[in-house]
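Residue numbers for the sequence shown, in this note's numbering: 1 to 148.
Following: one structure in structure tokens, then a few remarks.
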Amino acid sequence: MARITFCATPLSSLIIAQPLISSVLMPDAQSPAPEANHAWQELCALDDVPPGAGLYVPHEDWDLAVLRSSDDAVFVLHNRCPHAGGSLSSGWMKDGCVVCPWHTWAFDLTTGACPEAPQFKVQTFPARVCAGRVEAQLIRPNTANRAD
Ligand code: FES
């Protein structure tokens, strides 16, 4: 299921929003409990990300890749490739995936799954553009195992 999200600003200032991951939209009994960090966090200006390219965005303790498609859809993923640590922000987009520049593994821009090997997955985040700024909800997948 995909859904478009918008922030509370005039429509003229909105560009496009990334489809949300269904598990975020429809939490069930197995989903982690909601956290305080579900707030939208500003990452960069949309103009900082050229159409069809990515931008590395270190944000607090996150290493993020912000990717902008040629039709201005925006996606936010963890920057490190789960194969060997390539920078996904330096990759390219093809067929709804970001392709890692090191060994060309592809990861779905919305689910983070590798179509060729679904057991390999990169974390994705709900993203939107609000008043020309890229924002994301930086949700930790399993806070019970983290030592923050
Ligand atoms: S490091 Fe990304 S494909 Fe190898």
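We treat Cβ as the ideally placed atom computed from N, Cα and C, and that holds for glycine.
Run of the beta strand (DSSP E) containing residue i, from where it starts to where it stops
i          : result
residue 44 : 40 to 45
residue 58 : 53 to 59
residue 68 : 62 to 68
residue 97 : 97 to 99
Residue i versus residue j: straight-line alpha-carbon distance, rounded
i           : j           : result
residue 113 : residue 124 : 9 Å
residue 44  : residue 57  : 8 Å
residue 69  : residue 139 : 23 Å
residue 46  : residue 66  : 9 Å
residue 131 : residue 42  : 11 Å
residue 25  : residue 97  : Residue confidence is low: residue 25 scores 33 on pLDDT, short of 50, so the model does not pin down where it sits. Its coordinate-derived value is still stated next. C-alpha separation (whole angstroms): 21 Å.
residue 149 : residue 105 : Because the chain spans 1 through 148 in this model, residue 149 falls outside it and cannot be assessed.
residue 40  : residue 95  : 27 Å
residue 128 : residue 100 : 23 Å
residue 77  : residue 141 : 13 Å
residue 118 : residue 133 : 32 Å
residue 63  : residue 90  : 13 Å
residue 107 : residue 126 : 16 Å
Bridge partner(s) assigned by DSSP for residue i
i           : result
residue 127 : 136
residue 105 : Beta-bridge pairing links residue 105 to no other residue.
residue 76  : 66 and 125
residue 113 : 121
residue 87  : 80
Selected residue, minimal CA-CA separation from residue i, among the options
i           : options              : result
residue 135 : 59, 82 and 101       : 59
residue 109 : 103, 48, 47 and 54   : 54
residue 93  : 38, 128, 117 and 73  : 73
residue 61  : 79, 75, 119 and 47   : 79
residue 102 : 84, 129, 49 and 63   : 84
residue 122 : 86, 49 and 50        : 86
residue 120 : 40, 127, 77 and 82   : 82
residue 51  : 126, 137, 75 and 63  : 75
residue 71  : 141, 49, 126 and 137 : 49
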